[in-house]
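Down below is the structure, laid out as structure tokens.
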Amino acid sequence: MEKKATTPAPAPKPATAAPKGSGGLNPALVIPLLFVIALVVYMFVLGSPDHFIDGDLEKGPKPGDYFGIVHEGGPIVPLLMTCFLIVLVFTIERIITIGKANGTGSIDSFVRKVKSLLDKNQVDEAIKECDKQKGSVGNVIKAGLIKYKQLALDNGLDKEQKLAALQKEVDEATTLELPMLQKNLTIIATLAGASTLIALLGTVLGMIKAFAALGASGGASDSSALAAGISEALINTAIGIGTSAIATVSYAYLNSRVDDLTYSIDEIGLSIQQNFAAHY
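With the working numbering as the guide, the letters of the sequence shown map in order to residues 3 to 282.
Right under this line is the structure:
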């Protein structure tokens, strides 16, 4: 009897396999590409002679030309631009992925409808609603409901074993779904701190250049060289802090949306168990 109870268990897996195709962008390919893009922009867009006095980079940027001013930030600027592009690209990619995971219609309405159908023990109708929802919550709940129907017909397990098997099925389905939603969030979270450190490196290099120019002048005030070093330091600081702020807000927002989906899954999963305990 034990074998009959366990052999149908893999059946629900196709319901949760679909999201694997939408695992998101591959960081190993995207990050080097974004670095190349940032480097090209730095060299040929920001570093275009049009942004500098008499077309000479040595004479400095034209007054009020921000492209030329940012170029004066030095070699750390492409790294900071890469960080910014990574945050931007992966934020957009996660918004699209999580939007698809939400499925069609309102999650709250879907949760209420499924709970209402379960209260009436209308499991088949609840499964149809999961098919209509077409999201991560629907995929997980569908897997649980299919297992629900299997356990309802199984006489080889007692009630506690059935409830444990039902909980395990929902947990496994959730485990298959959530990594696809959380993928690349770690990169955004890491850049929230790393971009500040990279900017600090640029700031330090700029200040070293400023004080080196001051020292080379033998104590006399070399205002142009001193200003260039300080400008480089502040440009890196500004870009790094801006990137860090955007990454922090992005991670908090995306993480909260994943948490909302997880809460909805937990809510319906509990309803499934309570409904099963009440009817069987």
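Ideal Cβ placement from N, Cα and C applies to all residues, glycine included.
- Following the DSSP letters along the chain, one finds Asp173 inside the alpha helix (DSSP H) bounded by residues Lys161 to Gln184.
- Annotation for Gln275: the continuous alpha helix (DSSP H) segment containing it runs Ser225 to His281.
- Between Leu193 and Thr245, the beta carbon gap of about 7 Å places them in contact (Cβ cut-off 8 Å).
- Distance from the CA of Ser233 to the CA of Ile241, rounded to the nearest whole angstrom, comes to 12 Å.
- Annotated three-state conformation of Pro77 is coil, per DSSP.
- In this structure, DSSP gives Pro63 an extended state, which the three-state scheme calls strand.
- Per the Cβ contact rule, the segment 76-87 is in contact with the segment 36-54 (3 or more Cβ pairs under 8 Å).
- Looking at the DSSP output, Phe54 bridges to Pro63.
- For Lys136, the secondary structure class from DSSP, reduced to helix, strand or coil, is coil.
- For Val43, there is no enclosing alpha helix (DSSP H), as DSSP marks it with neither H nor E.
- The C-beta separation of Tyr253 from Ile190 comes to about 5 Å, placing the pair in contact by the 8 Å criterion.
- Taking all protein chains in view, the Cβ of Ile98 is surrounded by fewer than 16 other Cβ atoms within 10 Å, so the residue is classified as exposed.
- Measuring C-alpha to C-alpha distances from Val113 to each of Gly101, Ile100, Arg96 and Glu131 identifies Glu131 as the nearest.
- Buried is the label assigned to Gly70, since at least 16 other Cβ atoms lie within 10 Å of its Cβ.
- In the structure shown, the three-state DSSP call for Gln152 is helix.
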